[in-house]
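Undergrad: Can you read through this structure? Questions will come right after.
There are 2 protein chains.
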Amino acid sequence: MPSATEQKIIDAAVRLFAAQGYDATSVQEIVAAAEVTKGALYHYFRAKDDLLFEIYRLLITSQSADMDRIIGLGLPAAETVREILVSLVVSTAERVDETAVFVRELHRLGEERMAEFRAERRRYHETFLAVIEKGQADGEFSSVVPADTVGRIVFGVVNQLPMWYRPDGPKPPASLAGEIADFVLAGLR
Amino acid sequence: MPSATEQKIIDAAVRLFAAQGYDATSVQEIVAAAEVTKGALYHYFRAKDDLLFEIYRLLITSQSADMDRIIGLGLPAAETVREILVSLVVSTAERVDETAVFVRELHRLGEERMAEFRAERRRYHETFLAVIEKGQADGEFSSVVPADTVGRIVFGVVNQLPMWYRPDGPKPPASLAGEIADFVLAGLR
DNA sequence: GTGAGCATACCGACCGGTCGGTAGGGTGTC
DNA sequence: GACACCCTACCGACCGGTCGGTATGCTCAC
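Top to bottom, those sequences are chains A and B.
The first sequence begins at 1 in full-length UniProt numbering and counts up by one.
The second sequence begins at 1 in full-length UniProt numbering and counts up by one.
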């Protein structure tokens with residue numbers, strides 16, 4: 001349970017990292033934006049890159065929970081895929097800044113944290129692939145294109161979303177999510 | 001026509017930027033890797049971010065040329081789309097480092113160069129969308145999913161390719177490209 | 001002899017992180 | 001109820017080191 005000060009720091013860091021990049025954002029800028037002091041930041045975080053790790057942790061934790069919940073509903077493969085895609089696109093649109101940081105600054109993570117992170121992401125990907133493979137085995141989906149390639153395409157759009165998505169754009173997130181789901185399901189037919 | 005020294009500098013910069021990021025790579029590291037001196041670098045480039053711009057310019061110029069050439073063949077929409085996708089995926093795989101830098105460090109470009117770059121990329125995207133829209137108008141493609149969303153999906157996979165593609169992976173680039181093209185064309189049916 | 005193509009020494013700005021200190025609220029003792 | 005004691009939360013001046021960039025001069029082809 002983060003304190004109000006801690007939360008202000010994280011929020012400011014996400015915003016600045018997304019806008020300027022991790023290295024281009026100084027600790028001074030973060031504390032200024034969060035309206036706290038350097039002392040406060042280093043009271044809660046041991047180093048600047050703890051902020052990065054915390055941002056990733058929050059993002060992947062919530063997305064994993066979403067997917068597990070949907071799979072738990074036990075719907076047919078096509079509906080499961082649709083629900084996962086819609087939830088993923090919508091939640092990514094809600095957290096564009098976090099996603100932008102995640103995509104661009106992942107490589108700044110140290111060796112061990114990178115390993116921890118990769119393991120978590122791998123689990124996430126494989127859960128999704130399993131849904132598709134099951135649909136293919138049951139004959140509900142075509143097997144022409146291997147599941148891993150479908151996964152690459154899906155996570156490709158989602159991760160690139162911060163590059164073009166604007167909250168004040170013409171299409172609301174739910175419409176975008178619907179269109180993407182339509183296209184992917186059409187490709188799986 | 002770049003001199004040998006200039007080329008060595010660009011090559012080293014691409015490699016280092018891709019591996020560590022733009023800000024995390026010092027000018028010292030670049031000149032050391034390129035086996036030249038700082039004087040040589042600042043003889044050819046006015047500033048560090050000229051290197052970034054040059055990398056983008058080379059990448060987008062060659063990809064634009066590829067697409068224009070394919071469209072010039074006057075094939076039916078489906079074949080045109082397939083050719084474009086295969087050429088794009090294969091050439092991206094050949095230049096993963098450039099693409100990684102492009103995706104991650106784009107936001108470091110200054111205001112005016114960003115504008116110039118965006119204009120070029122916009123032209124590129126719209127050329128691709130026009131092919132899809134024509135196919136939809138002719139009834140060769142389904143119109144269920146709007147062309148711009150298809151574009152987002154396509155450029156999503158391609159731009160995320162550096163995240164997972166490894167030259168020594170199990171599937172050669174041409175196979176990957178074929179699978180991606182199959183999936184996209186299936187979605188357009 | 002003159003300009004392109006470098007080499008080398010150096011500058012000032014800035015950055016992440018540290019550290020001595022403070023403010024204020026809880027707690028145990030008499 | 002009042003005083004000593006301590007602990008968490010926070011402050012902000014400061015430090016060593018690094019970074020992008022520059023100033024100056026050499027060298028060699030034409």
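Note that the Cβ used here is the ideal one computed from N, Cα and C, for glycine as well.
In whole angstroms, give me the CA-to-CA distance for alanine 34/A and tyrosine 22/A.
TA: By 1-based counting over the first sequence, the position of residue 34/A is 34. By 1-based counting over the first sequence, the position of residue 22/A is 22. The straight-line gap from Cα to Cα measures roughly 16 Å.
Undergrad: Can you pull out the residues from the region 114-142 of chain A whose beta carbon lies closer than 7 Å to at least one beta carbon of chain B?
TA: none
Undergrad: Compute the Euclidean distance between the alpha carbons of arginine 57/A and glutamate 105/A, then round it to the nearest angstrom.
TA: Along the first sequence, one-based indexing puts residue 57/A at 57. Along the first sequence, one-based indexing puts residue 105/A at 105. Going by the C-alpha atoms only, they are around 14 Å apart.
Undergrad: Taking the straight line between their C-alpha atoms, what separation do you get for proline 146/A and leucine 109/A?
TA: The sequence position of residue 146/A within the first sequence is 146, counting from 1. The sequence position of residue 109/A within the first sequence is 109, counting from 1. Rounded to the nearest angstrom, the two C-alpha atoms are 31 Å apart.
Undergrad: Under the three-state reduction of DSSP, which class applies to alanine 174/A: helix, strand or coil?
TA: Residue numbering aside, residue 174/A sits at position 174 when the first sequence is read from its first letter. Residue state, collapsed to three classes: helix.
Undergrad: Would you report the Cα separation of glycine 187/A and histidine 125/B, rounded to the nearest angstrom?
TA: Within the first sequence, the letter at position 187 stands for residue 187/A. Within the second sequence, the letter at position 125 stands for residue 125/B. So the alpha carbons of these two residues sit roughly 22 Å apart.
Undergrad: Under 8 Å between beta-carbons, which chain B residues line up against phenylalanine 53/A? List them in chain order, please.
TA: As a working note, residue 53/A is residue 53 in the first sequence. What phenylalanine 53/A touches in chain B: nothing, since even the nearest Cβ is about 16 Å away.
Undergrad: So aspartate 66/B and serine 87/B are in contact, right, with Cβ under 8 Å, and what is the actual spacing, rounded?
TA: As a working mapping, residue 66/B is identified with position 66 in the second sequence. As a working mapping, residue 87/B is identified with position 87 in the second sequence. Confirmed, Cβ separation roughly 5 Å.
Undergrad: May I ask which residues mark the beginning and end of the alpha helix (DSSP H) holding histidine 125/B?
TA: Your numbering for residue 125/B matches position 125 in the second sequence. Segment 111-137, the alpha helix (DSSP H) holding histidine 125/B.
Undergrad: Kindly indicate which three-state DSSP category glycine 72/B falls into: helix, strand or coil?
TA: Within the second sequence, residue 72/B is the residue found at index 72, counting from 1. In this structure, glycine 72/B counts as helix in the three-state DSSP scheme.
Undergrad: In terms of residue numbering, what span does the alpha helix (DSSP H) encompassing alanine 47/B cover?
TA: Locating residue 47/B in the second sequence gives position 47, where the first residue counts as 1. Counting along the chain, alanine 47/B falls outside any alpha helix (DSSP H), and DSSP gives it neither H nor E.
Undergrad: Considering only their Cβ atoms, is the gap separating isoleucine 30/B from leucine 52/B smaller than 8 Å?
TA: Your numbering for residue 52/B matches position 52 in the second sequence. Your numbering for residue 30/B matches position 30 in the second sequence. Not in contact: leucine 52/B and isoleucine 30/B (Cβ atoms no closer than 8 Å).
Undergrad: Answer yes or no: does any C-beta atom of chain A fall closer than 8 Å to that of threonine 149/B?
TA: Looking up residue 149/B in the second sequence gives position 149. Closer than 8 Å to some Cβ of chain A, the Cβ of threonine 149/B qualifies, so yes.
Undergrad: Run down chain A in chain order and give the residues with a C-beta less than 8 Å from the C-beta of glutamate 179/B.
TA: Taking the first residue of the second sequence as position 1, residue 179/B is located at position 179. Under the 8 Å cutoff, chain A gives Val145, Pro146, Thr149.
Undergrad: How long is the line joining the alpha carbons of alanine 40/B and alanine 24/B, rounded to whole angstroms?
TA: Residue mapping note: residue 40/B aligns to position 40 of the second sequence, counting from 1. Residue mapping note: residue 24/B aligns to position 24 of the second sequence, counting from 1. Cα-Cα distance, rounded: 21 Å.
Undergrad: Kindly list the residues whose CB is nearer than 7 Å to the CB of arginine 95/B, restricted to its own chain and excluding five residues on each side of it in sequence; keep chain order.
TA: Walking along the second sequence from the start, residue 95/B turns up at place 95. Only Leu59 meet the Cβ criterion.
Undergrad: Kindly indicate which three-state DSSP category aspartate 97/A falls into: helix, strand or coil?
TA: Counting from 1 along the first sequence, the entry for residue 97/A is found at position 97. Here aspartate 97/A sits in helix by DSSP.
Undergrad: With a threshold of 6 Å on Cβ separation, who are the neighbours of residue 194/A within its own chain once the five nearest residues in sequence on each side are excluded?
TA: Given a span of 1 to 189 for chain A in the structure shown, any question on residue 194/A remains unanswerable.
Undergrad: In this structure, does DSSP put alanine 12/A in helix, strand or coil?
TA: Residue 12/A sits at position 12 when you count from the first residue of the first sequence. Collapsing the DSSP output to three states places alanine 12/A in a helix.
Undergrad: Which residues in chain A have a C-beta closer than 7 Å to the C-beta of valine 157/B? List them in chain order.
TA: Position 157 of the second sequence, counted from the start, is the residue given in the question as residue 157/B. The answer, in chain order, is Arg152, Ile153, Gly156.
Undergrad: For glutamine 160/A, count neighbouring Cβ atoms within 10 angstroms of its own Cβ and tell me buried if that reaches 16, exposed if not.
TA: Along the first sequence, one-based indexing puts residue 160/A at 160. Buried: at least 16 other Cβ atoms inside 10 Å.
Undergrad: Using the C-alpha atoms, what's the distance from arginine 123/B back to valine 27/B?
TA: Indexing the second sequence from 1 puts residue 27/B at position 27. Indexing the second sequence from 1 puts residue 123/B at position 123. So the alpha carbons of these two residues sit roughly 33 Å apart.
Undergrad: Is arginine 108/B close to chain A? Criterion is C-beta to C-beta, closer than 8 Å.
TA: Looking up residue 108/B in the second sequence gives position 108. Yes, contact with chain A.
Undergrad: When Cβ atoms are compared, which residues of the region 58-75 of chain B fall closer than 9 Å to chain A?
TA: none
Undergrad: Buried or exposed: which applies to arginine 46/A, given that a residue is buried once 16 or more other Cβ atoms fall within 10 Å of its Cβ?
TA: What you label residue 46/A is simply residue 46 of the first sequence in a count that begins at 1. Looking at its Cβ environment, which holds fewer than 16 other Cβ atoms inside 10 Å, arginine 46/A is exposed.
Undergrad: What residues from chain B crowd round arginine 95/A, counting only those whose CB sits closer than 9 Å?
TA: In the first sequence, residue 95/A corresponds to position 95, counting from 1. Within chain B, no residue comes near arginine 95/A; the closest Cβ sits about 17 Å away, beyond 9 Å.
Undergrad: Are there 16 or more other CB atoms within 10 angstroms of the CB of alanine 119/A, so buried, or fewer, so exposed?
TA: The residue you call residue 119/A lines up with position 119 of the first sequence. When all chains shown are included, alanine 119/A counts as exposed.
Undergrad: Round the Cβ separation of isoleucine 9/A and valine 157/B to the nearest angstrom and send it over; I've been treating them as touching at under 8 Å.
TA: Taking the first residue of the first sequence as position 1, residue 9/A is located at position 9. Taking the first residue of the second sequence as position 1, residue 157/B is located at position 157. About 35 Å separates the two Cβ atoms, so there is no contact after all.
Undergrad: Given this structure, state the Cα-to-Cα distance separating glutamate 6/A from proline 170/A, to the nearest angstrom.
TA: The sequence position of residue 6/A within the first sequence is 6, counting from 1. The sequence position of residue 170/A within the first sequence is 170, counting from 1. Cα-Cα distance, rounded: 35 Å.
Undergrad: Taking 8 Å as the threshold (beta carbon to beta carbon), is arginine 15/A in contact with chain B?
TA: Here residue 15/A corresponds to residue number 15 of the first sequence, with the count starting at 1. It does not; no Cβ of chain B falls within 8 Å.
Undergrad: Between the Cα of serine 3/B and the Cα atoms of Gln20/B, Asp168/B, Val36/B, which residue gives the shortest distance?
TA: For this step, residue 3/B is matched to residue 3 along the second sequence. For serine 3/B, the nearest C-alpha among the options comes from Val36/B.
Undergrad: Helix, strand or coil, according to DSSP, for glutamate 105/A in the structure here?
TA: Numbered from 1 along the first sequence, position 105 holds the residue referred to as residue 105/A. Reduced to three states, the DSSP call for glutamate 105/A is helix.
Undergrad: Aspartate 66/A by DSSP, collapsed to three states: which one?
TA: As a position in the first sequence, residue 66/A is number 66, starting the count at 1. DSSP places aspartate 66/A in helix when its eight states are reduced to three.
Undergrad: Going by DSSP, what residue range makes up the alpha helix (DSSP H) through proline 162/A?
TA: Here residue 162/A corresponds to residue number 162 of the first sequence, with the count starting at 1. Counting along the chain, the unbroken alpha helix (DSSP H) around proline 162/A starts and ends at 147-164.
Undergrad: Using the C-alpha atoms, what's the distance from tyrosine 44/B back to glutamate 179/A?
TA: Translated into the one-based positions of the first sequence, residue 179/A becomes position 179. Translated into the one-based positions of the second sequence, residue 44/B becomes position 44. C-alpha separation (whole angstroms): 47 Å.
Undergrad: Which residues, in order along the region 36-53 of chain A, keep a beta-carbon less than 9 Å from a beta-carbon of chain B?
TA: none
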